Amino acid sequence: MPPATTRTRRNGARTEQVAEHLKAYIVAQGLRPGDRLPSEADLMAALGKSKGTVREAMRMLAAQGLIRTRTGPGGGAFVDDVSRDHAMTMLSNFFYFRDLSLADLYQLRIRLEPEVAAMVAGRIPAETLARFRAETSRFDHPPRDLVEEQAQHVASLAFHRELAELCPNPLLSFIVGFIAKILSDLTVIRRLYAPHNHALWEQGHRHHALLLDALESGDPALAAERMRTHMEAAARLMQLQEVQVAKTFLG
Numbered sequence: 155m156p157p158a159t160t161r162t163r164r165n166g167a168r169t170e171q172v173a174e175h176l177k178a179y180i181v182a183q184g185l186r187p188g189d190r191l192p193s194e195a196d197l198m199a200a201l202g203k204s205k206g207t208v209r210e211a212m213r214m215l216a217a218q219g220l221i222r223t224r225t226g227p228g229g230g231a232f233v234d235d236v237s238r239d240h241a242m243t244m245l246s247n248f249f250y251f252r253d254l255s256l257a258d259l260y261q262l263r264i265r266l267e268p269e270v271a272a273m274v275a276g277r278i279p280a281e282t283l284a285r286f287r288a289e290t291s292r293f294d295h296p297p298r299d300l301v302e303e304q305a306q307h308v309a310s311l312a313f314h315r316e317l318a319e320l321c322p323n324p325l326l327s328f329i330v331g332f333i334a335k336i337l338s339d340l341t342v343i344r345r346l347y348a349p350h351n352h353a354l355w356e357q358g359h360r361h362h363a364l365l366l367d368a369l370e371s372g373d374p375a376l377a378a379e380r381m382r383t384h385m386e387a388a389a390r391l392m393q394l395q396e397v398q399v400a401k402t403f404l405g
């Protein structure tokens, strides 16, 4: 009998193979979210695999967010729509043990976010723009304490995530939103909002107001330029803030 580790690898390979067959079946049949998959017995017969292997493959796809199972009358396995948040969480796991730096994140933000700004300029619904302006006005004063400091940082990044969601390019939209999510998480985990940095608040508030004017005007070049200026200034100040946080911690 092969060693346990060898059997585990073989079983894992079979499970992945069945999972890939199921994904190919979904594409080939043109199934959409909510459509029912064949029964477990039918899948076993079609794929020539055991019940355990088929079930494990189904669990794998469920963990990936591609299918969902329902018990009881009318139950079974159904194609599911992978949510944006679920996909970002799965991707975050890949970077869990990789030491992402602010420089890594802003290197991409400086290049990608101006593209988003250019693509959404003049296309943002009036009610959304009004909400963005109201949120900017809510933070028209320096933070009074660390609680408000953190709230301002998180709200600023939430604005960038929401702006990315309006981008018609789904891949660009996802990548920019994912970067903003990681940066938001790092801001809270590493307490990058402490100590207070007046220059960071001032440039953020001012650039958001100027950016919203450009987005409302519908000028793609102006929107891109103002976003680029914003990102470059934020990169410099956030990296200085990271150094200051480290010094405070060591002290």
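Residue numbers (our numbering): 155 to 405.
Where a beta carbon is used, it is the ideal one built from N, C-alpha and C, also for glycine.
Being a predicted model, the structure only gives us computed values, none of them experimental.
Query raised in the report: Per DSSP, ARG190 is paired with what?
Result: PHE232
Query raised in the report: Among the residues of its own chain, which have a CB less than 8 Å from the CB of LEU266, if the five just before and after it don't count?
Result: LEU326, ILE329, VAL330, ILE333
Query raised in the report: CA-CA distance, THR383 and ILE264?
Result: A straight-line Cα-Cα distance of about 8 Å links THR383 and ILE264.
Query - Contact set for LEU365: own chain, Cβ-Cβ below 8 Å, skip 5 residues either direction - result: ALA271, ALA377, ARG380, MET381, HIS384
Query raised in the report: Buried or exposed: which applies to PHE313, given that a residue is buried once 16 or more other Cβ atoms fall within 10 Å of its Cβ?
Result: buried
**Report entry** C-alpha distance - GLU396 paired with PHE286, whole-angstrom precision
**Finding:** 27 Å
Report task. Taking PRO279 as the reference, give the member of GLN261, LEU317, SER237, ARG168 with the closest Cα. Result -> Closest option to PRO279, Cα to Cα, is LEU317.
Requested in this report: Would you please state the rounded distance, in angstroms, between the beta carbons of TYR347 and LEU300? I believe it to be under 8 Å.
Outcome: 7 Å
**Report entry** N- and C-terminal bounds of the beta strand (DSSP E) containing ARG224
**Finding:** 221 to 224
Query raised in the report: Start and end of the alpha helix (DSSP H) containing TYR260?
Result: Where TYR260 is concerned, the enclosing alpha helix (DSSP H) stretches over 256 to 274.
**Report entry** Contiguous alpha helix (DSSP H) assignments of at least 4 residues, all confined to the segment 288 to 361
**Finding:** 300 to 319, 324 to 343
Requested in this report: Can you tell me which of PRO192, ALA375, ALA284, ALA353 puts its alpha carbon nearest to the alpha carbon of TYR179?
Outcome: PRO192
Query raised in the report: What residue range is occupied by the uninterrupted alpha helix (DSSP H) comprising LYS203?
Result: Note, LYS203: premise wrong, no alpha helix (DSSP H); not H, not E.
Query raised in the report: Under the three-state reduction of DSSP, which class applies to ASP253: helix, strand or coil?
Result: coil
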